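Engineer: With the numbering used here as the guide, the letters of the sequence shown map in order to residues 1 to 223.
Glycine included, C-beta positions come from ideal geometry on N, C-alpha and C.
On a predicted model such as this, the values are computed, not experimentally measured, just so you know.
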Amino acid sequence: MPKPLENMLYTGNQVVTALIIGLLFLSCESKKETKMEKESIMPADTLIEFLSVQKTANDYTLLLQNDSIYRVLAFRKHADSLSFQFMNYQFSGIDNATLQNEVTFIDYLWEKAADSIKIDLKGAMVGYPLEYKDVLVKHIDAVKSDGSHEDQDYDRLRRLMHEANVYQPFANMLTAHGYMINSISTEKHGRVPKEELLKLSYSDSLIIPVPFMVWLEIKKASN
1 MPKPLENMLY TGNQVVTALI IGLLFLSCES KKETKMEKES IMPADTLIEF
51 LSVQKTANDY TLLLQNDSIY RVLAFRKHAD SLSFQFMNYQ FSGIDNATLQ
101 NEVTFIDYLW EKAADSIKID LKGAMVGYPL EYKDVLVKHI DAVKSDGSHE
151 DQDYDRLRRL MHEANVYQPF ANMLTAHGYM INSISTEKHG RVPKEELLKL
201 SYSDSLIIPV PFMVWLEIKK ASN
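(1) Short check: CB of PHE105 to CB of ARG76, under 7 Å?
(2) When the Cβ atoms of the region 105–125 are set against those of the region 186–194, are three or more pairs found closer than 8 Å?
(3) Could you check whether THR61 and ALA74 sit closer than 7 Å to each other, using their CB atoms as the reference points?
(4) Grab me the residues of TYR179's own chain with a C-beta within less than 8 Å of its C-beta, minus the 5 sequence neighbours each way, in chain order.
(5) The alpha helix (DSSP H) spanning SER282 covers which residue range?
(6) In the structure shown, what three-state DSSP assignment does LYS220 receive?
(7) Kindly list the residues whose CB is nearer than 7 Å to the CB of LEU24, restricted to its own chain and excluding five residues on each side of it in sequence; keep chain order.
(8) Taking the alpha carbon of VAL214 as the point to measure from, which residue in ILE119, LEU157, VAL143 has its own alpha carbon closest?
(9) When we look at the beta-carbon of ILE21 and count the other beta-carbons within 10 Å, is it buried (16 or more) or exposed?
(10) For TYR154, which residues from the same chain have a beta carbon less than 8 Å from its beta carbon, with the 5 sequence-adjacent residues on both sides left out?
(11) Taking the straight line between their C-alpha atoms, what separation do you get for ASN96 and LYS133?
(12) For GLN100, which of SER52, ASN88, VAL137 has the nearest alpha-carbon?
(13) Compare the C-alpha of PHE50 against each of ASP67, GLY123, PHE84, VAL103 and name the closest.
(14) Measure the Cβ-Cβ separation of LEU206 and LEU197 and say whether it is below 7 Å.
(15) Could you tell me the boundaries of the beta strand (DSSP E) in which GLU187 lies?
(16) Helix, strand or coil, according to DSSP, for GLN90 in the structure here?
(17) Going by Cα to Cα distance, which pick from THR175, PHE84, ALA164 is closest to THR56?
(18) Nearest to LEU82 by alpha carbon, out of TYR108, ILE119, TYR89?
(19) Which residues in the same chain as SER203 place their Cβ atom closer than 6 Å to its Cβ, once the five residues preceding and following it in sequence are excluded?
(20) At what residues does the alpha helix (DSSP H) containing VAL135 begin and finish?
(21) Assuming LEU62 is part of the beta strand (DSSP E), what are its boundary residues?
(22) How would you write the range of the beta strand (DSSP E) that ALA124 sits in, first residue to last?
(23) Grab me the residues of THR175's own chain with a C-beta within less than 7 Å of its C-beta, minus the 5 sequence neighbours each way, in chain order.
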């Protein structure tokens with residue numbers, strides 16, 4: 001990961017964590033009785049009831065929260081920039097999450113943010129493979145089909161992830177906004193746990209390296 005982006009990411013994650021705590025506290029103060037189903041795609045006029053926003057000089061954070069379920073999309077910019085170039089998506093309290101489902105919420109929050117800030121996306125974090133069932137399946141299949149399970153060859157792993165388009169639902173959403181994933185950077189690697197392999201009907205003897213931090217470098221799509 002490029003050093004300036006790494007520094008921005010580290011600082012951004014700290015800010016997002018602090019904002020989540022603050023926003024969750026505020027939302028609890030005005031908690032609504034209506035329940036949000038864990039895996040449903042809700043219409044925009046319903047989602048707006050659960051939306052709160054917090055702004056600082058360099059951050060714009062949107063939170064959808066109800067009870068223990070929350071989804072947070074945070075945009076960040078450099079102090080000397082007019083446009084927000086980095087985004088970070090986090091969620092909690094959702095069982096068997098899929099990126100295909102979550103991009104609906106990411107897109108909704110993006111559109112809400114775009115009403116108030118200028119977005120010129122250069123990089124994004126939307127989670128790592130083990131957080132999404134569909135991403136994990138594509139990741140495992142990509143490593144299996146390559147035939148190389150060398151844990152330490154992380155450059156090869158990044159290339160495989162990019163070529164296999166493991167973040168396809170998010171990539172499709174980016175296309176609709178005029179962007180594309182240019183490259184993938186990873187850190188904090190491990191292996192897919194045996195129980196996860198069995199849960200997805202794979203052999204638990206497979207050795208599948210997997211990152212626990214994924215940074216997507218974004219660029220404008222060519223016309």
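Structural biologist: In short:
(1) Mapped onto the sequence shown, residue 105 falls at position 105. Mapped onto the sequence shown, residue 76 falls at position 76. Cβ distance not < 7 Å, so PHE105 and ARG76 don't count as in contact.
(2) no
(3) Indexing the sequence shown from 1 puts residue 74 at position 74. Indexing the sequence shown from 1 puts residue 61 at position 61. Against a cut-off of 7 Å, the Cβ pair of THR61 and ALA74 comes out as a contact.
(4) Along the sequence shown, read from residue 1 onward, the residue named residue 179 stands at position 179. Around TYR179: LEU121, ILE218, LYS219, LYS220, ALA221.
(5) Only positions 1 to 223 of the chain appear in this structure, which leaves residue 282 out of reach.
(6) Start at 1 with the first residue of the sequence shown, and residue 220 comes out as number 220. Here LYS220 sits in strand by DSSP.
(7) To locate residue 24, count along the sequence shown from 1; it is residue 24. Any answer about LEU24 is weak, because its pLDDT of 46 lies below 50 and its placement is not dependable; what the coordinates show is given next. Excluding residues within five positions, the ones whose Cβ falls inside 7 Å are GLN65, TYR70.
(8) By one-based count along the sequence shown, residue 214 stands at place 214. Answer by Cα proximity: LEU157.
(9) Here residue 21 is taken as the residue at index 21 of the sequence shown, counted from 1. The pLDDT assigned to ILE21 is 44, lower than 50, so where the model puts this residue is not dependable; a value taken from the coordinates is nonetheless given after this. Under this definition ILE21 is an exposed residue.
(10) By 1-based counting over the sequence shown, the position of residue 154 is 154. Within the same chain, TYR154 has close Cβ partners THR186, HIS189, PRO209, PRO211.
(11) The count along the sequence shown starts at 1 and reaches residue 96 at position 96. The count along the sequence shown starts at 1 and reaches residue 133 at position 133. Cα to Cα, the separation comes out at about 6 Å.
(12) Here the question's residue 100 lines up with position 100 in the sequence shown. The shortest Cα separation from GLN100 among SER52, ASN88, VAL137 belongs to VAL137.
(13) Residue 50 sits at position 50 when you count from the first residue of the sequence shown. Ranking ASP67, GLY123, PHE84, VAL103 by Cα distance to PHE50 puts ASP67 first.
(14) Here residue 206 is taken as the residue at index 206 of the sequence shown, counted from 1. Here residue 197 is taken as the residue at index 197 of the sequence shown, counted from 1. Yes, Cβ-Cβ distance for LEU206 and LEU197 is below 7 Å.
(15) Position 187 of the sequence shown, counting from 1, holds the residue named residue 187. Counting along the chain, the beta strand (DSSP E) containing GLU187 begins and ends at 179–191.
(16) Against the sequence shown, residue 90 aligns to sequence position 90. In the structure shown, GLN90 sits in a strand (DSSP, three-state: E or B).
(17) Within the sequence shown, residue 56 is the residue found at index 56, counting from 1. The shortest Cα separation from THR56 among THR175, PHE84, ALA164 belongs to PHE84.
(18) Translated into positions along the sequence shown, residue 82 becomes position 82. For the residues TYR108, ILE119, TYR89, the minimum Cα distance to LEU82 belongs to ILE119.
(19) Locating residue 203 in the sequence shown gives position 203, where the first residue counts as 1. Within the same chain, SER203 has no close Cβ partners at all.
(20) In the sequence shown, the residue the question calls residue 135 occupies position 135. Run containing VAL135: 133–146, per the alpha helix (DSSP H) assignment.
(21) For this step, residue 62 is matched to residue 62 along the sequence shown. Unbroken beta strand (DSSP E) run through LEU62: 59–66.
(22) Numbered from 1 along the sequence shown, position 124 holds the residue referred to as residue 124. Here the beta strand (DSSP E) through ALA124 covers 119–125.
(23) Numbered from 1 along the sequence shown, position 175 holds the residue referred to as residue 175. Correct list, in chain order: ALA221.
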